[in-house]
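Numbering (the working numbering), first residue to last: 801 to 886. From the three backbone atoms N, C-alpha and C, an ideal C-beta is built for every residue, glycine too. All of these numbers come straight from a predicted model, not from anything done at the bench.
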Amino acid sequence: MAEQRAGNRRPRKASQAEEGAAARPVCPVGFCPVGMALAFGEQVRPEAVEHLMAAGRELLLAMKAVVDARVESFERTSPLEQVTIE
């Protein structure tokens, strides 16, 4: 009789939260920075993500300017000499 009851049960519908969790890609690597950033980005407002992206861009441009200034300070002489063979 218990088998009949179990056979007559309808499959439980998944809630919207379960469907959303199943649809999201999950990174198989624990503490993966890319996976963590993607999971974080899904939960944040788009304005906040845009602001963080702009701040990151400005940081990278500032770092590039520092590296470029440092490279210019080095002397650009080469220990190699070009020899023309005729």
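Rounded to whole angstroms, residue 873 and residue 866 show a C-alpha spacing of 11 Å. The C-beta distance from residue 841 to residue 849 rounds to 6 Å, short enough to fall under 8 Å. Judged by DSSP in its simplified three-state form, residue 867 adopts helix. Residue 861 and residue 885 have their alpha carbons spaced roughly 44 Å apart. For the 9 Å CB-CB criterion, residue 826 and residue 835 form a contact.
For residue 870, same chain residues with a beta-carbon under 6 Å away, outside a window of 5 residues either side, do not exist.
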